[in-house]
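S.K.:
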Amino acid sequence: MGRGDGRNRLVSPDDADDTGADILHVDMDAFYAAVEVLDDPTLAGKPIIIGAPESRSVVSSASYEARAFGVRAAMPVGQALRLCPQAIVVPPHFDRYVALSREVMRVFHEITPLVEPLSIDEAFLDVRGARRLWGSPGTIARMLRARVRDETGLTCSVGAAATKHVAKMASTLSKPDGLLIVAEADTAAFLAPRSVRALWGVGPKAAEALESRGIRTVADVLETPQAVLERALGPAMGERVWNLARGRDDRE
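The opening residue of the sequence shown carries number 0 in numbering that gives the first Met the number 0; numbering runs sequentially from there.
#1: Fully enclosed by the segment 151 to 188, which alpha helix (DSSP H) runs are 4 residues long or longer?
#2: Buried or exposed for Lys204, please, with buried defined as at least 16 other CB atoms from any protein chain shown within 10 angstroms of its CB.
#3: Please return the same chain residues whose Cβ sits closer than 7 Å to the Cβ of Arg144, not counting the five positions on each side in sequence.
#4: Mind checking whether Ala151 and Val103 have CB atoms under 8 Å apart?
#5: List the whole-angstrom C-beta distance separating Glu183 from Thr18, where the pair is believed to meet the contact cut-off of C-beta under 8 Å.
#6: At 3 residues or longer, and completely inside the segment 110 to 140: list those beta strand (DSSP E) runs for me, N to C.
#7: Is it the case that the segment 71 to 91 contacts the segment 103 to 123, given that we only count it when at least three CB pairs across the two stretches are under 8 Å?
#8: Whose C-beta lies closer than 6 Å to the C-beta of Ile180 among residues of the same chain, with five residues either side of it excluded?
#9: Where does His92 sit, in a helix, a strand or coil, going by DSSP?
#10: Could you check what DSSP says for Ala191 in three-state terms: helix, strand or coil?
#11: In angstroms with no decimal places, state the Cα-to-Cα distance between Met0 and Pro224.
#12: Let me confirm a value: Asp149 is counted as buried when at least 16 other C-beta atoms fall within 10 Å, else exposed. Which label applies?
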């Protein structure tokens, strides 16, 4: 489940440069909540929490209306209801989520065989080989989004970039129901103003270690010697952050 809530949504125009943006990250929008709305349209536009009604259970997902109040996945339901007392708690229907996930993944595989699922509701697609059939990465991404909507009734957000890390960051920024394309030549400019917390794999503790040293953005990372990052985060994580800030991704 992506973290975007739409308040700072970024999307690309139809004529955006998509040169080299052959990796797509596709993330369904508030997937569990969206499935519940699909099955019960009276829930549309309302703050929904997916989870058991017991206050000690945890939130599996939440609609964007609930997220606007600070509700997040893995939060105790009791805490979520304190943040958003008017929220409707809906028990999860995992069999239904799995069935719709299969339909979404089927669409992906009909566009390219190079699909790497990350979870029930997100995946990477390498569309380099699909360009001969379908067109440019931007054209493929728009076609994919339309097919998912038409064939499942659900929306997804897509990031297109030269690397998985940047594509994933772009899809989060485009949420909900958006497409953000980062041409390969624009990678550095796209990354520079982002928070270090947006770097894939940088959790709260690592972010705090960087921020305590005045390293708050990717641009700050670029100005920091690798040795300093490794002292702050450990050798492996320091090297990884140093590379991610430069658009390099060892997950390729």
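By construction, the Cβ of each residue, glycine as well, lies at the ideal position given by its N, Cα and C atoms.
M.R.: Looking at the coordinates:
#1: 163 to 172
#2: exposed
#3: Cys155, Val157 and Leu178
#4: Looking at the sequence shown, residue 151 is not Ala but Thr. Yes, the Cβ-Cβ distance between Thr151 and Val103 is below 8 Å.
#5: 6 Å
#6: 114 to 118 and 121 to 125
#7: When Cβ pairs closer than 8 Å are counted between the two stretches, the segment 103 to 123 is seen not to touch the segment 71 to 91, the count staying below three.
#8: Ser11, Ala15, Asp17, Ala20, Gly137 and Ala159
#9: coil
#10: coil
#11: For Met0, the predicted model reports a pLDDT of 42, less than 50, meaning its position is unreliable and no value from the coordinates is stated.
#12: Per the 10 Å Cβ criterion, exposed.
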